[in-house]
Structures are given as C-alpha cells and as structure tokens.
Amino acid sequence: MTTPSSIGRRTAIKMGLAGTAAALAPRRARAQNPREVKIALVVPLSGPWARQGILEQMGAELAIDDVNSSGGIKALGGAKMKLVLYDTGDTAEKAKNAAQRLVAQEPDVAGGIGCWLSSFTLAVTEVTERAELPWLTLSYSDLITGRGYKYIFQSSPTADAQSTALLPRVVDLASKAGGGKPTKVAFVGDNSAASVSFMKPIRAHVAKDLGLTIVADEIYTPPLADATTLVQKIRSGRPDFIVCQSTNVGDDKLLLDKFAERGITPSTVPLVGGGGHWTVPELMKVAGKEHLEGMIVGLANWPGKDLGDLEKRFVAKTNEPWFGHDSIFPYAHVWIFKEAMERTGSTDRRKLGEMLHKIDLKDGPAKLFPDGRVKYDESGRRVGAELCIVQWQKGRPVAV
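In structure tokens, the structure reads:
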C-alpha cells in the first residue's frame, strides 16, 4: 500500500473524516468494539461485465487500505475495514444467488456495494432489503430507488435524469462545433434495466422537445453476437448523431467495428456513449484509437484535476492508466460507510441505514462527486447528482 505524501483533497477526505467524525460519534467500551468491520462488494467478476466489476474491486480495495492506514473506524476503537467479495456472474438470477449466499454466510456484514449493471443491482437488492442491509450503488436504473426500499442508496443520477440532461448537451456541442443544429438521431442499446430507463424519456418527450426525429431505435439482448443488421438500419436512417446504450466492452467493440466498416466514426458521424464501460482502457486496445477519437460519453462521475494525487496512487497500485468512473464510486462508497459508522459508533444495519438517510456531507467523500455533496433523499437517491461529459482525446477520456 502506498502511503500518501501530500496534503490535498484526498488527504482532506482522510483527515476530515477520521479526525472529526470520532468527535461526533458516541464512545463505546473497547470490549464491545469489533476487531474488523465487513463491507461486501457484489459485482460481476466473470462474464461480459467482469471488467467493470474488477475496476470496482480496485477502487474499493484502495479505499479500504486508506481507511485502515488512517486508523480504521475511530468510533469503534480503531476497527479495521475488510472487503468481502461475491461474484454476480453474468445473469440476474446468478446475482440474486450471490446475494443470498452473502446474507447466509456473512451475518455480521455491515453494508454492501454493487452491482454495476442495474439489472443485477435490482435482483441483489431484493435480497439485501429483506436483510435490512444498507446498500450503496453506482447503478443507473430509476427502478432501483423507485420501489420504496429503505436500505438502497443510489449515488448516480438516474438513467432518466441522465438522458434528459445528455441530449441537450450533445445538441449544444454539435451546434457550437459549426455543424449546424442536429435534427436526426439514432439509438442502439441493449435491453438491460439502465438502458430501458435511459430511453424511456427520450421516446416520450426529450427528442421531440429538442426538435429531433428518431430515425433508428435498435434494441438487442446482451451480449451482442453480430452488429451487422443493427448498424445497417442505423446507417440507412442517415442520422446526425448516434447514441449507443450498450453496457459492456465486448458489445462496444462490435458496434464500433461495424460502424467503421460502414464509414461511421466519431469524425464522420458523432457517436455518443453512455456509462463507464465506454471509458475503460481495454476499449481503446480492442476497438482502436482511431475509432474512439472524438467520441462523447455521458456518465455519472469522473475524477477532476483536484483528485490528481488519488489518481496517481490508484495508478501506482493497480497499473491502470487512469482512475475512472467504475473505481471512483466504490472508493467513495467505502468512505461513506466509514462516515456513517463514525457518526453512529455502530455497525448495526438499521442504525447505519438511518444515518445514511440523515447525513449531508460537503467535505470528505463529498469531494469525490462533481457536485460536491453527499445527501440521500427519502427514496435513497443522491440529491443534486449531476451528469458528467467526457470525450476521447488522444487516447484518453477527458472531461469536457
């Protein structure tokens, strides 16, 4: 583990939480304090979405190291945090089974993080809600926090909110680039929960409100086997830009390859992706830098320049070329759980769930979000969650 060496935003997270939260938390007898506190990470570690799960694991492990190196949970006598991993596999049914194993095998787990793909998160949280296990997620689907659950906390803007914000930004960027106002848009995406939520408002009113005609609207079941027919239909519509709502790198590659065969690249027809998988290093390796250059991606979080020290430590620890969407969320979520434990002086699930509904942070882990705030509303949605826009520039995603 790398020891931090500079005072900055990341250090404020460690010092701000570790130093002040203990004063807020009630004192407990040392004999009552656990030696370790378990946090579960339930993500895909096999199958088409495994890369996203691995990136989540990297972010969570770095946060665990940072919490423990800063003295652990002060309000619990310095108890160390421990990450327990469960693989969702490649289906919602397997994900639900993983959650059932977690609840049965880890009765003392205090909270959980996951599961990247919204369809998996929906399945897993049916189990964790019954177990009253607080759950923090980056998943996008509106349904996740639309079921009246008490123990689910969604840190991303919902897919509905993202689609409502993304298209106007794209139209504005296109207009400013000198190509004139777009009038025709094509969509291609899978039928996972987040993609369905994303497209619903666009079909209902967003496209019409922007004066856009949907010339192609192609949906498939992941993983994608062949993109030929999808791309042919999109190309025949002659769109001014294309929105891609796939959810894994394999499908992204197939779409980009087939687009390129038909003469469609970000330089000829603007391509817009949605989600963290569109920003992972593997995509450039498998699809080619030239097929990504200029592509715009809408997503729920992206590290700012003031997190440079944290990114350097992440890169040094993991050998990843950058710190991105899929790793910053679990990093933040571990620290949010720590804050809840410091304030309650407890690992009791009900107390932690209640505290997560109460906290209103503008420092510490709040600095890991673009809007600088961690507060969850009654439904569990993070208040003020904002869409981020990045663009592939010279082989790297850059905030724009």
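So the sequence shown is residues 712 to 1111, counted in this note's numbering. Beta carbons: idealized from backbone N, C-alpha and C, even for Gly.
If you draw a straight line from the C-alpha of residue i to the C-alpha of residue j, how long is it?
i, j, result
"W1103", "T990", "8 Å"
"I1047", "I863", "13 Å"
"E843", "R1060", "6 Å"
"K919", "S874", "13 Å"
"H1044", "L994", "26 Å"
"Y797", "V753", "5 Å"
"M1052", "M1006", "41 Å"
"A810", "T839", "7 Å"
"T661", "G900", "Outside the displayed span of the chain (712 to 1111) sits residue 661, for which this structure offers no information."
"A897", "G948", "8 Å"
"D1020", "T940", "45 Å"
"L728", "P1076", "Low confidence applies here, because L728 scores a pLDDT of 46, under 50, leaving its location unreliable; read the following figure in that light. Near 8 Å, if we compare the C-alpha coordinates of P1076 and L728."
"G788", "L935", "50 Å"
"D853", "Q865", "9 Å"
"T979", "T1058", "54 Å"
"F664", "E1031", "Nothing can be reported for residue 664: it is not among the residues displayed for the chain, which extend from 712 to 1111."
Looking at C-alpha atoms only, which residue of the options is the closest neighbour of residue i?
i, options, result
"S886", "Q811, L1021 and P981", "P981"
"K944", "A888, S957, P934 and I930", "I930"
"A1110", "V1094, P1081, L766 and G789", "P1081"
"S867", "L965, R1092 and K1078", "R1092"
"R946", "L935, A938, K964 and R973", "R973"
"L1003", "D928, W1033, L966 and G822", "L966"
"L828", "G822, E804, G889 and P1076", "E804"
"W1033", "A927, V778 and R1107", "R1107"
"E1097", "R880, A834 and R746", "R880"
"L1018", "G758, S1090, V917 and K1078", "K1078"
"T802", "I824, T832 and Y1042", "T832"
Which residues does DSSP list as the beta-bridge partners of residue i?
i, result
"G984", "C955 and V1008"
"R708", "Past the boundaries of the shown model lies residue 708; the chain is included only from 712 to 1111, so the question cannot be answered."
"F864", "L847"
"I784", "A790"
Just verifying my parser: in three-state terms, what is the DSSP assignment at residue i?
i, result
"K1023", "helix"
"D1088", "coil"
"A751", "strand"
"R739", "Note that R739 scores a pLDDT of 38, beneath 50, so its modelled location is shaky; the value from the coordinates is reported in the next line. DSSP places R739 in coil when its eight states are reduced to three."
"D883", "helix"
"A897", "strand"
"D963", "helix"
"E929", "strand"
"D853", "helix"
"K791", "strand"
"Y1093", "Note that residue 1093 is Arg in the sequence shown here, rather than Tyr. Reduced to three states, the DSSP call for R1093 is strand."
"T799", "coil"
"T924", "strand"
"I775", "helix"
"L1072", "strand"
"G999", "coil"
"T975", "The sequence shown places Ile at residue 975, not Thr. If DSSP states are grouped into helix, strand and coil, I975 belongs with coil."
"G889", "helix"
"G823", "strand"
Which residues in the same chain as residue i place their Cβ atom closer than 8 Å to its Cβ, once the five residues preceding and following it in sequence are excluded?
i, result
"L756", "G764, I765, Q768, L796, D798 and T799"
"V1008", "V983, G984, G985, G986, W989, T990, I1100, V1101, Q1102, W1103 and P1108"
"T713", "Because the pLDDT at T713 is just 38, under 50, the model does not fix this residue reliably, and the point stays unresolved."
For residue i, which residues in the same chain have their Cβ closer than 6 Å to its Cβ, ignoring the five residues on either side in sequence?
i, result
"K892", "S886"
"S908", "S852, D853, A870 and D871"
"S1038", "L766, M769 and G770"
"A761", "P755"
"G961", "P759 and P934"
"A927", "A897, K944, I945 and G948"
Leaving out five residues on either side along the sequence, give the residues of the same chain with a beta carbon under 7 Å from the beta carbon of residue i.
i, result
"D1071", "K1086"
"L1067", "P845, F864, A1051 and Y1087"
Cβ of residue i within 7 Å of any heavy atom in the ligand SAH?
i, result
"I1100", "Among the components of this structure there are no ligands whatsoever, and the ligand SAH is therefore not found."
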